[in-house]
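Residue numbers (the working numbering), protein chains in the order written: chain A, 2 to 317; chain B, 2 to 317.
Number of protein chains: 2
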Amino acid sequence: MFSSDILFFFLFTGKQAASSNFAAMHLLDGKKTAKAIQEELRERTQELIRNGKRAPHLAAILVGSDGASETYVGAKVKTCSDIGFESTLIRLPANTTQEELLTEIEQLNLHPSVDGILVQLPLPKQIHEEKVIEHIHPSKDVDGFHPVSIGNMVAGKPTFIPATPYGILLLLEHYKIETKGKHAVVIGRSHIVGTPMSILLSRKVYPGDCTVTLCHSATRNLKEICLQADIVIAALGRTEFVEADMIREGAVVIDVGITRIADPTKKTGFILKGDVHFDSVAPKCSYITPVPGGVGPMTIAALMKNTFNAYTERTK
Amino acid sequence: MFSSDILFFFLFTGKQAASSNFAAMHLLDGKKTAKAIQEELRERTQELIRNGKRAPHLAAILVGSDGASETYVGAKVKTCSDIGFESTLIRLPANTTQEELLTEIEQLNLHPSVDGILVQLPLPKQIHEEKVIEHIHPSKDVDGFHPVSIGNMVAGKPTFIPATPYGILLLLEHYKIETKGKHAVVIGRSHIVGTPMSILLSRKVYPGDCTVTLCHSATRNLKEICLQADIVIAALGRTEFVEADMIREGAVVIDVGITRIADPTKKTGFILKGDVHFDSVAPKCSYITPVPGGVGPMTIAALMKNTFNAYTERTK
Numbered sequence: 002m003f004s005s006d007i008l009f010f011f012l013f014t015g016k017q018a019a020s021s022n023f024a025a026m027h028l029l030d031g032k033k034t035a036k037a038i039q040e041e042l043r044e045r046t047q048e049l050i051r052n053g054k055r056a057p058h059l060a061a062i063l064v065g066s067d068g069a070s071e072t073y074v075g076a077k078v079k080t081c082s083d084i085g086f087e088s089t090l091i092r093l094p095a096n097t098t099q100e101e102l103l104t105e106i107e108q109l110n111l112h113p114s115v116d117g118i119l120v121q122l123p124l125p126k127q128i129h130e131e132k133v134i135e136h137i138h139p140s141k142d143v144d145g146f147h148p149v150s151i152g153n154m155v156a157g158k159p160t161f162i163p164a165t166p167y168g169i170l171l172l173l174e175h176y177k178i179e180t181k182g183k184h185a186v187v188i189g190r191s192h193i194v195g196t197p198m199s200i201l202l203s204r205k206v207y208p209g210d211c212t213v214t215l216c217h218s219a220t221r222n223l224k225e226i227c228l229q230a231d232i233v234i235a236a237l238g239r240t241e242f243v244e245a246d247m248i249r250e251g252a253v254v255i256d257v258g259i260t261r262i263a264d265p266t267k268k269t270g271f272i273l274k275g276d277v278h279f280d281s282v283a284p285k286c287s288y289i290t291p292v293p294g295g296v297g298p299m300t301i302a303a304l305m306k307n308t309f310n311a312y313t314e315r316t317k
Numbered sequence: 002m003f004s005s006d007i008l009f010f011f012l013f014t015g016k017q018a019a020s021s022n023f024a025a026m027h028l029l030d031g032k033k034t035a036k037a038i039q040e041e042l043r044e045r046t047q048e049l050i051r052n053g054k055r056a057p058h059l060a061a062i063l064v065g066s067d068g069a070s071e072t073y074v075g076a077k078v079k080t081c082s083d084i085g086f087e088s089t090l091i092r093l094p095a096n097t098t099q100e101e102l103l104t105e106i107e108q109l110n111l112h113p114s115v116d117g118i119l120v121q122l123p124l125p126k127q128i129h130e131e132k133v134i135e136h137i138h139p140s141k142d143v144d145g146f147h148p149v150s151i152g153n154m155v156a157g158k159p160t161f162i163p164a165t166p167y168g169i170l171l172l173l174e175h176y177k178i179e180t181k182g183k184h185a186v187v188i189g190r191s192h193i194v195g196t197p198m199s200i201l202l203s204r205k206v207y208p209g210d211c212t213v214t215l216c217h218s219a220t221r222n223l224k225e226i227c228l229q230a231d232i233v234i235a236a237l238g239r240t241e242f243v244e245a246d247m248i249r250e251g252a253v254v255i256d257v258g259i260t261r262i263a264d265p266t267k268k269t270g271f272i273l274k275g276d277v278h279f280d281s282v283a284p285k286c287s288y289i290t291p292v293p294g295g296v297g298p299m300t301i302a303a304l305m306k307n308t309f310n311a312y313t314e315r316t317k
């Protein structure tokens, strides 16, 4: 598997790395890993159906018609269909009231064959996101944003882990990256990526058991700290912020950033950039995620695993 | 205030510090700070009563008769009485079943004038601690151990913060210790101290906004990491583990450890030691907590603040 990753990197960057680094650098291919996870879920779902059981069922709610949200929800629904999960997409107008949305969620909470509920964020201004998230029953909280899910995660109890950090753990696991005793530096303290990532990597399980430093906008000597890292998780949302002089030889670099940059030469009208300056950083790394095709696809695979786990708990 | 702290340190260690360090070192006096917080709560409670309102009410449950647990619960009940809070101590025999304990909690959950419920840990083996903690209504969870409380803490929402980390925040605040952009190193990843402490110090509020490194048993270069710290929180539970060569000049050192060491020359039969080797570390610090009289008294003050806050929410 690694040899083709190296080839992919080779084609991807269009550059010839120095041979000493070349031997050590591997791409963490999120697209391929997500596909492998989803293929496994597809097989397990087929087996359920062969045994006369129903398929796992994800219900998604989209309020309004934001372009990026449409894309994300569309990808989730399509993945459900590829795997053989049942899915329901509920579209509500942009002027939906909070009360109306809570009523929809209440119905899904009570629905006996809905296993997971996700409300695509962001929501229109008249709706209080926290109220909505707290209204999802914790047993169906496949996005892992409910306080009960987060509290259980901190306590190390089995729970739904938010899709992005969970996807990163699955990627580290898939590539059998050693984590115990490593120094992980997480850049960015958002509630949905950086903070949970820092908590998860410090737990005494694999992947984890790292010494973790959580950095953010108030951090003073970021470069110095990053240079100590065996694993860097860049999740600050600033395009190509992490440069080669911040990374030590042999580090593992995970790029969570994904920003659309206008590019009229592309059919879509934009290209995607991460928080890491890939071309300069990659040759120093032992492993690195590309953008796109790294963390992005893994978040959907993680959501699908959460949905399958919710189903397993519900039907056992 | 500081001059008397210095004097106290002087008497406490019984040693003469070098005058250059002497000028910079201050004791973080938890006993005095807790007293000041409790005095403020006493005044606010008296005002409530003057206005014809009821006092805040803490209910504690003690299962069995473990010596240390008796001491801790006793100190909490006594502090309630000093402040003017109402308190109820429910004593259950060591052979209480989980079902019986849950029934007691249920009654306290429903009791209209009980504001806070605490179940003294550890519990006898036949009782599942997590089940018990999850049974306390989150609005009365003054120990801050319920998953909803922890989840809300991670999300930065108003909630009950576990008493020990909350007590440390109150101590930093009382002494106006600058924290923004400082590098805090937390040693120990327990669910009730180290992990929540690391989360709290990285939030974008005061006291907090620190770059935080969470270290533990798998950390490889602990000394090197500690030497980078502006603030060290020692919460690993190993007597006098942190020595002078791990601390840089001017650091703030918070000692959460408290271990009883047998000492037949003492009336109690033991002395208390922290996780920090106080005598050698103190002269290097700008601020340091003693053991006893540092973090210990602050945890009770924090519990009292949580109880007052629970009352305020319940009666508003």
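Built from N, CA and C at the ideal position, the CB exists for glycine as well.
Since this is a predicted model, take the numbers as computed values, not measurements.
- No Cβ-Cβ contact shorter than 7 angstroms links A230(A) with V194(A).
- Exposed is the label assigned to S218(B), since fewer than 16 other Cβ atoms lie within 10 Å of its Cβ.
- Residue state for C216(A) is assigned as strand, using DSSP reduced to three classes.
- If you ignore the 5 residues before and after D83(B), its C-beta comes within less than 8 angstroms of the C-beta of Q39, R43, all in its own chain and listed in chain order.
- Taking a beta-carbon distance threshold of 7 angstroms, A219(A) counts as an interface residue toward chain B.
- Under the Cβ distance rule, G238(A) does not count among the residues neighbouring chain B, no pair being separated by less than 7 angstroms.
- Within the same chain, E87, S114, V115, D116 come within 6 angstroms of H58(A) by CB-CB distance, once the 5 residues on both sides are set aside.
- Listed in chain order, the non-local C-beta contacts of P125(A) below 8 angstroms within the same chain comprise V64, G65, A95, N96, T97, local neighbours out to five positions each way being set aside.
- In the DSSP assignment, G65(A) is bridged to no other residue.
- Under the criterion of beta carbons closer than 8 angstroms, V253(B) and S203(B) do not qualify as touching, at roughly 16 angstroms.
- Secondary structure of L237(A) (DSSP, three-state): coil.
- M299(A) places its beta carbon 7 angstroms or farther from that of A25(A).
- In this model, G53(A) and K177(A) are separated by some 35 angstroms (Cα to Cα).
- The continuous beta strand (DSSP E) containing H184(B) extends over residues 184 to 188.
- Annotation for D256(A): A235, G275, D276, V277, T290, V292, G295, V296 place their beta carbon closer than 7 angstroms to its own, counting only its chain and skipping 5 residues before and after.
- A contact is defined here as three or more CB-CB pairs under 8 angstroms, and the segment 135 to 142 of chain B fails this definition with respect to the segment 70 to 79 of chain B.
- Residue environment for H129(B): exposed (fewer than 16 other C-beta atoms within 10 angstroms of its C-beta).
- Annotation: Y207(B) to V120(A) spans about 32 angstroms, alpha carbon to alpha carbon.
- At a cut-off of 7 angstroms between beta carbons, I151(A) contacts chain B.
- For K181(A), the chain B residues whose C-beta falls within less than 7 angstroms of its own C-beta are A219, listed in chain order.
- Below the 8 angstroms Cβ cutoff, chain A contributes T212 as neighbours of C216(B), in chain order.
- Put simply, the CB of P148(A) is near chain B, with a gap under 7 angstroms to one of its CB atoms.
- In the displayed model, G152(A) falls within a helix according to three-state DSSP.
- Neighbourhood of I200(A) in chain B, by CB distance below 9 angstroms: V155, T196, S199, I200, L215, in chain order.
- Apart from the 5 residues on each side of it in sequence, S70(A) sits with its Cβ closer than 7 angstroms to the Cβ of L63, Q121 in its chain, given in chain order.
- For R249(B), there are no neighbours in chain A by C-beta distance under 7 angstroms, as the nearest C-beta there is about 14 angstroms away.
- About 7 angstroms separates the Cβ atoms of I151(B) and A156(A), confirming a contact at the 8 angstroms cut-off.
- For T300(A), the enclosing alpha helix (DSSP H) begins and ends at 296 to 316.
- For K183(B), same chain residues with a beta-carbon under 6 angstroms away, outside a window of 5 residues either side, are C211, D231, I232 in chain order.
- By the rule that beta-carbons nearer than 7 angstroms mark a contact, H136(B) does not touch chain A.
- Excluding the 5 residues flanking it on each side, F242(A) has same chain C-beta neighbours closer than 6 angstroms at D276, in chain order.
- The CB of R51(B) never comes closer than 7 angstroms to any CB in chain A; the least such distance is about 37 angstroms.
- For H129(A), the closest Cβ of chain B is not nearer than 7 angstroms.
- Looking at the DSSP output, G117(B) bridges to L59(B).
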